[in-house]
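Peer 1:
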């Protein structure tokens, strides 16, 4: 383990295996954002019970990529990634029985994360006002497209919509040479992941306070707000000065990646020291000395000339060679990595970024693991995403004390 | 009940520019006491970056700095001097959390590794945020947000659905990449702080920005790791993958399920093209997306984006306008949520800042104070926290240490 050297030799008192051991989380979420929020907690050691509707399960089970392109609700790459380390149960919360069972579970949990529209939560009798009556310690986190208040509170939006609502799409593609083309959004499901991250942070802060004071509370997360805090500057610029920045091309030095023989590299040369080193690095020693380029303002004014030269120059190189040579000169730069580059990267290999997890239906797969390593409480064991209803017996019989006959009856009635 | 969720948590920030400051801003906005340590005279690099208020460059008027450092106290300290490092260690003894973003070799040279620091404070949670993490061959490599965003693999997917397949990849707007990394580091830090409260034991967190970005573009990377397929930004025929142009901007409409598709067709007034057999179910609509998109594009042109947004929502269809910063600041929703907070700053005056994106029912987050002036809290921290006398502070200032 790469981080072993940071581990305390002998813990002062008994250290739990993982940072969030003993924290109990109930997840009643669908698709990406909510499940990503609780995945982050589960990966840090919290016990997360995922509640899915019987028969159909989480909507992400029906989204690709499917392993070897064979669609199957237990083989969706999206579901498998977002639900590692969780327990899974089925429950129809639209039934009376389902609602009362859910409340029994809520009595036993520290955290309840849900992503239903406020009107749905109210219809199901699952508002915070109701739930805190049965569990005053409860931290309830609600993640919705536009938050719990305001005129849009019951509006519906997927990741594609939210990203544009949050103002990021309008900035993209940045430095566009086609100012007339329509805005785009960030790749993958980044928008929903950011919202999940943010919700997770707020949930942890509320839990921290709950442990200190014994009082629970309701955390209202608006996805649109999350995305706005990330593009803070453009939004803040308008509030400060009334300027609307867009995706149109602006004069800037080295603003876009440069094409190499085998891909692209993104190079930077901020500040006078970096500029001088960079000028020599690209074989333009004279530029390092020239007075017309000796401040960042002057370089900005001459950025067309500089960029044109760098473009031609970069084409003669390979992206990884440039990357390592730039770094050897203490210059900031990184290749534009494809997923293939990343999976084969020696850096990620050294960090043990990919973990292999076995799953009864999907088999052994490599999963991205953590973006942080905790020295005292590392994550050593990974559990694959639960099969639909896999932990029904464990939770209903083990936790709530139902007997097996009751479980059969609930199954027959379609409640679980 | 605490006033704010993270009251009583003491955080020391030894960071520059965007990512680390954003990490500790998130903690400060939740009530933690964050002391930002800046090099004397020059301060945080972000002070030199725009946008500047009214375009007048001034280290106390950088929009970037002002936004990233709300609710923090600010002190100056030259940690390259032995005296400065001695003082830093005194501060570390009193802190619960240290967040830093220096290259591993720099921290080693300064004698500020976790191994050293835990000797003086065994309960310390130390979070190091670096471009490529503390281990591996790239650990001392240098990269800014622009570089890393591409290293993390997202740039390669952008612009999605590009009509110009030869153009170079782009990165997402603003400084989103660094913000994501700050957010992720804040979660790890809080998890460790939670654990510290339970066990009394601190620990070290090694956060790699590249890793953070990769966990966000999950699917494309997992697809290669498991199936050997490299997805990129090239155009694929999909149903409404991009926003549609309206009279006054763009709108992003989704109709993923059969029911949503039927509702959308009905809302459009059942146009005859929509009844074509090749649009009859989900998979067909996806593969024939390029035949549907122009029809919807033509239809959307007759609408204004906000009006269309509201009408689609009334028909329970997912949609959102492509908002500009102007739209967002004037949004009725933002107003109802009280998203912007006005803060007074001695140099920059009254400014409106975005608040935290979550509302706590019992411990609401507050914007209590604006970003600190360079060294604004030297006296309260050095004299108040560490017990230096005013004369000693003057001497430290004269010798350039603070």
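Residue numbers (the working numbering), protein chains in the order written: chain A, 28 to 443; chain C, 76 to 477. Glycine included, C-beta positions come from ideal geometry on N, C-alpha and C. Source: prediction; values computed, not measured.
#1: Roughly how many whole angstroms lie between the Cα atoms of residue 476(C) and residue 89(C)?
#2: Counting only runs of 3+ residues fully inside the region 334-369 of chain A, write out the beta strand (DSSP E) ranges in chain order.
#3: Take residue 188(A) as the anchor and find which of 393(C), 469(C), 460(C) and 405(C) has the nearest alpha-carbon.
#4: At what residues does the beta strand (DSSP E) containing residue 225(A) begin and finish?
#5: Can you give the Cα-Cα distance for residue 419(A) and residue 102(A), rounded to whole angstroms?
#6: Can you list the residues of chain A that residue 265(C) reaches, using a CB-CB cut of under 8 Å?
#7: By Cβ distance, which residues of its chain are closer than 8 Å to residue 114(A), with the 5 residues on each side in sequence left out?
#8: Here's the rule: buried if 16 or more other CB atoms are within 10 angstroms of the residue's CB, otherwise exposed. What is residue 327(A)?
#9: Name, please, each residue of chain C whose Cβ falls closer than 8 Å to the Cβ of residue 185(A).
#10: Thinking C-alpha only, which one of 367(C), 148(C) and 323(C) is nearest residue 453(C)?
#11: Check whether the Cβ of residue 286(C) lies closer than 8 Å to any Cβ atom in chain A.
#12: Mind pulling the chain A residues with CB within less than 9 Å of residue 218(C)?
#13: Kindly provide the ranges of any beta strand (DSSP E) runs that are 3 or more residues long and lie completely inside the region 149-201 of chain C, ordered along the chain.
#14: What is the rounded straight-line gap between the Cα of residue 364(C) and the Cα of residue 130(A)?
#15: Going along the chain, which unbroken runs of the alpha helix (DSSP H) with 4 or more residues stay wholly within the region 387-451 of chain C?
#16: Inspect the CB distances between the region 42-58 of chain A and the region 133-146 of chain A and report whether three or more fall short of 8 Å.
#17: Could you give the first and the last residue of the continuous beta strand (DSSP E) run that contains residue 278(C)?
#18: Who are the near neighbours of residue 195(C) in its chain, counting only those whose CB is closer than 7 Å to its CB and skipping five residues on each side?
#19: Name the chain A residues that come within less than 7 Å of residue 207(C), Cβ to Cβ?
#20: What's the C-alpha gap between residue 69(A) and residue 327(C)?
#21: Between which two residues does the beta strand (DSSP E) holding residue 394(A) run?
#22: For residue 46(A), which residues from the same chain have a beta carbon less than 7 Å from its beta carbon, with the 5 sequence-adjacent residues on both sides left out?
#23: Under three-state DSSP, which class holds residue 89(C)?
#24: Cα separation between residue 424(A) and residue 124(A)?
#25: CA-CA distance, residue 344(C) and residue 389(C)?
#26: Between the C-alpha atoms of residue 379(C) and residue 410(C), what's the straight-line distance to the nearest angstrom?
#27: From residue 121(C) to residue 250(C), what distance separates their C-alpha atoms?
#28: From the DSSP output, which residues share a beta bridge with residue 167(A)?
#29: Name the one or two DSSP bridge partners that residue 77(A) has.
#30: My guess is that residue 307(A) and residue 315(A) are in contact by the Cβ rule of under 8 Å, so how many angstroms apart are they, rounded?
#31: Whole-angstrom Cβ separation of residue 363(A) and residue 281(A), contact assumed at under 8 Å?
#32: Which residues in the same chain as residue 468(C) place their Cβ atom closer than 8 Å to its Cβ, once the five residues preceding and following it in sequence are excluded?
#33: Going by C-alpha distance, which of 109(A), 136(A), 159(A) and 80(A) is nearest residue 437(C)?
#34: Any contact between the region 361-380 of chain A and the region 251-264 of chain C? By contact I mean 3 or more CB pairs, one from each, below 8 Å.
#35: From the beta carbon of residue 288(A), is the nearest beta carbon of chain C less than 8 Å away?
#36: Is residue 94(A) close to chain C? Criterion is C-beta to C-beta, closer than 8 Å.
Peer 2: Judging by the given coordinates:
#1: 15 Å
#2: 360-362
#3: Of the candidates 393(C), 469(C), 460(C) and 405(C), the one whose C-alpha sits nearest the C-alpha of residue 188(A) is 393(C).
#4: Here residue 225(A) belongs to no beta strand (DSSP E); instead the alpha helix (DSSP H) covers 217-240.
#5: So the two alpha carbons sit approximately 20 Å from each other.
#6: 228, 231, 232 and 235
#7: 74, 75, 76, 77, 413, 417, 418, 421 and 422
#8: exposed
#9: 329, 331 and 393
#10: 148(C)
#11: yes
#12: 293, 295, 354, 359, 360 and 361
#13: 172-175
#14: Counting only the Cα atoms, residue 130(A) lies some 43 Å from residue 364(C).
#15: Fully enclosed alpha helix (DSSP H) runs of no fewer than 4 residues occupy 400-404 and 407-412 of the region 387-451 of chain C, in order along the chain.
#16: These segments touch.
#17: 278-283
#18: So the qualifying residues of the chain are 164, 167 and 168.
#19: 374
#20: 33 Å
#21: 390-395
#22: 71, 72, 401 and 404
#23: strand
#24: 16 Å
#25: 15 Å
#26: Rounded to whole angstroms, the gap between the alpha carbons of residue 379(C) and residue 410(C) is 21 Å.
#27: 12 Å
#28: For residue 167(A), the beta-bridge partners assigned by DSSP are 139(A) and 245(A).
#29: 54(A) and 115(A)
#30: For residue 307(A) against residue 315(A), the beta-carbon gap comes to about 5 Å, under 8 Å, which counts as contact.
#31: Not confirmed; about 13 Å, so no contact.
#32: 453, 454, 457, 458 and 477
#33: 159(A)
#34: no
#35: no
#36: It does; some Cβ of chain C falls within 8 Å.
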